[in-house]
Structure formats: C-alpha cells, structure tokens
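**Student:**
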Amino acid sequence: MRRVKKEDRIAINLEEIVLKLDASAKYNPCPACKHDTEQLSKFISKKAESIRTGGMLAPEDVKPLKEVDYVGVVEDIAIWVSKAIRPFTRLKRVPEIYKKVLLEDTEGNKRSLEFLIEAKKLLNKLDSADNQLKLVSEILDSFIRALNFKLSIDEYSFYIFDKVIRFGYRTHLLSATGKIIVWVKELINPSRYA
28 MRRVKKEDRI
38 AINLEEIVLK
48 LDASAKYNPC
58 PACKHDTEQL
68 SKFISKKAES
78 IRTGGMLAPE
88 DVKPLKEVDY
98 VGVVEDIAIW
108 VSKAIRPFTR
118 LKRVPEIYKK
128 VLLEDTEGNK
138 RSLEFLIEAK
148 KLLNKLDSAD
158 NQLKLVSEIL
168 DSFIRALNFK
178 LSIDEYSFYI
188 FDKVIRFGYR
198 THLLSATGKI
208 IVWVKELINP
218 SRYA
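Residue numbers (the working numbering): 28 to 221.
1. Are Asp49 and Ser77 closer than 7 Å when you measure CB to CB?
2. What is the C-beta distance between Leu143 and Ser51, in whole angstroms, given that I count them as a contact (C-beta under 8 Å)?
3. What's the C-alpha gap between Tyr97 and Glu65?
4. Going along the chain, which residues of its own chain have a beta-carbon closer than 6 Å to the beta-carbon of Phe185, five neighbours each way excluded?
5. Quick check: the Cα distance between Pro91 and Pro122, rounded to an integer number of angstroms?
6. Can you list, in chain order, the residues of its chain with a C-beta nearer than 7 Å to that of Ala221? Leave out the 5 residues immediately preceding and following it.
7. Sorted by chain position, which residues of the same chain lie with C-beta nearer than 6 Å to Phe70's C-beta, five sequence neighbours on each side aside?
8. Considering only their Cβ atoms, is the gap separating Glu42 from Ala75 smaller than 7 Å?
9. Among the candidates Ser179, Tyr183, Pro58, Leu149, whose CA atom is the shortest distance from the CA of Leu167?
10. If distances are taken between C-alpha atoms only, which option among Pro217, Lys53, Val101 comes closest to Ala173?
11. Going by DSSP, what residue range makes up the alpha helix (DSSP H) through Thr204?
12. Could you give the distance in angstroms between the alpha-carbon of Met28 and the alpha-carbon of Asp88?
13. Only counting the same chain, and skipping five residues up and downstream in sequence, which positions put a Cβ closer than 7 Å to that of Ser139?
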C-alpha cells in the first residue's frame, strides 16, 4: 500500500474543511456571515492547492484571509460591547422584527454552527505549524463564538447588538478599532499572514 505524503494529507483535509465551510455558508441566514464564510473557504481552497503543488500563495490569495480576520475582530468587539452595555440599557419594548428574525434564523444558525464545528475538528487534526492555518483556527473560533452568541441571546440583546454594529459602522469606531487591533496583531507577529 502506497503511503500518502504529509502535504497530500494536509491538502485532502483542507479540501474536506472547504466542503464543511461551504455547507455552513449555505445554511447561514446572515448574508454578511455567509459571505465571510465563503471568503474563508476560498482562501482554504487556494491554500490546499498551494500545499499540494508546493507553490506560493499570491498576495490576492491571502487577501480574503486578512478580510475575515478583520471582520472576526470587529464582530468580537461588537459582542463584547453589547454584553457590557446591556445591563445599563433601559428599553420598554424592542421592535417585533428582532424577535421574528431571531426565531426565523435559529434553525439556519444551528445547522451553520454544526458545520463550523466539524470544520474546526478537522483543522485540529492537522499536524501543521503553518501560521496561516493557525490563523484559520482563530477565525473559525470567532465564527463559532458569533453563532453561539446569536443562538443564546434574546431579542433585547439582539437589538442592542444590532444597534452597536450600526452605530459602530456609521461612526467608523468599530472599523477603526478593528483595523488597529489587526495592525497590532500583525506588528507583534509580522508573519501572521505569511
């Protein structure tokens, strides 16, 4: 029986991860989250190809990884801020649409989360010290945290989260903070995306 090279094993596992991410994106009811998952899948597909062929990734191949890293940081900030300010907010009623969206999205979010967890398990099985794959692991953790957050909140918390995101983007506070955090992470580890 022919032994499979380590590089081929890693590429095969990455291709399985791509399938899990594509399935997760298919079920994710949030258009932005779906797009981010598709971007990560696109990067992993290119990464698998480069590992299989021994070639280098072009800068445009790494761009989706940088984008989803930034989005994950922004989402984590928004979750943290919404949890921190929730006890201090006083709302009598939340618009009905928030409860409706939460209910309608629950099943899709659950299915999407299942596939993300499967992708993360496959990634954990890889025996690789590759910086980009370590970053993929961090990003998957961020995606999983975001879906767990959405599945565990009530419409009141969802409303606050939505307002934090909208305010953050309108004022550019979230965007600027996210860029600074990603820049600092890259400054600390210059080979973060290499």
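Cβ atoms here follow ideal geometry from the backbone N, Cα and C, with glycine treated the same way.
**Tutor:** According to the structure data:
1. In the sequence shown, residue 49 corresponds to position 22, counting from 1. In the sequence shown, residue 77 corresponds to position 50, counting from 1. No.
2. Within the sequence shown, the letter at position 116 stands for residue 143. Within the sequence shown, the letter at position 24 stands for residue 51. Correct: roughly 5 Å between the Cβ atoms.
3. Mapped onto the sequence shown, residue 97 falls at position 70. Mapped onto the sequence shown, residue 65 falls at position 38. Each residue's Cα considered, the two are about 15 Å apart.
4. As a first step, residue 185 must be located in the sequence shown, where it is residue number 158. Once the five neighbours on either side are set aside, the close Cβ partners of Phe185 are Tyr125, Leu129.
5. By 1-based counting over the sequence shown, the position of residue 91 is 64. By 1-based counting over the sequence shown, the position of residue 122 is 95. Going from the Cα of Pro91 to the Cα of Pro122 covers about 35 Å.
6. Within the sequence shown, numbered from 1, the residue matching residue 221 stands at position 194. Excluding sequence neighbours, Ala221 sits near Asn158.
7. As a first step, residue 70 is located in the sequence shown; it is residue number 43 there, counting from the start. Contacts found: Pro91, Leu92.
8. If you number the sequence shown from 1, residue 75 lands on position 48. If you number the sequence shown from 1, residue 42 lands on position 15. Yes.
9. To locate residue 167, count along the sequence shown from 1; it is residue 140. Of Ser179, Tyr183, Pro58, Leu149, the residue nearest in Cα terms is Leu149.
10. Position 146 of the sequence shown, counted from the first residue, corresponds to residue 173. Ranking Pro217, Lys53, Val101 by Cα distance to Ala173 puts Val101 first.
11. For this step, residue 204 is matched to residue 177 along the sequence shown. Boundaries of the alpha helix (DSSP H) around Thr204: 200-215.
12. Translated into positions along the sequence shown, residue 28 becomes position 1. Translated into positions along the sequence shown, residue 88 becomes position 61. The pLDDT assigned to Met28 is 46, lower than 50, so where the model puts this residue is not dependable, and the model offers no usable value.
13. Start at 1 with the first residue of the sequence shown, and residue 139 comes out as number 112. Ser51, Tyr54, Asn55, Leu174, listed in sequence order.
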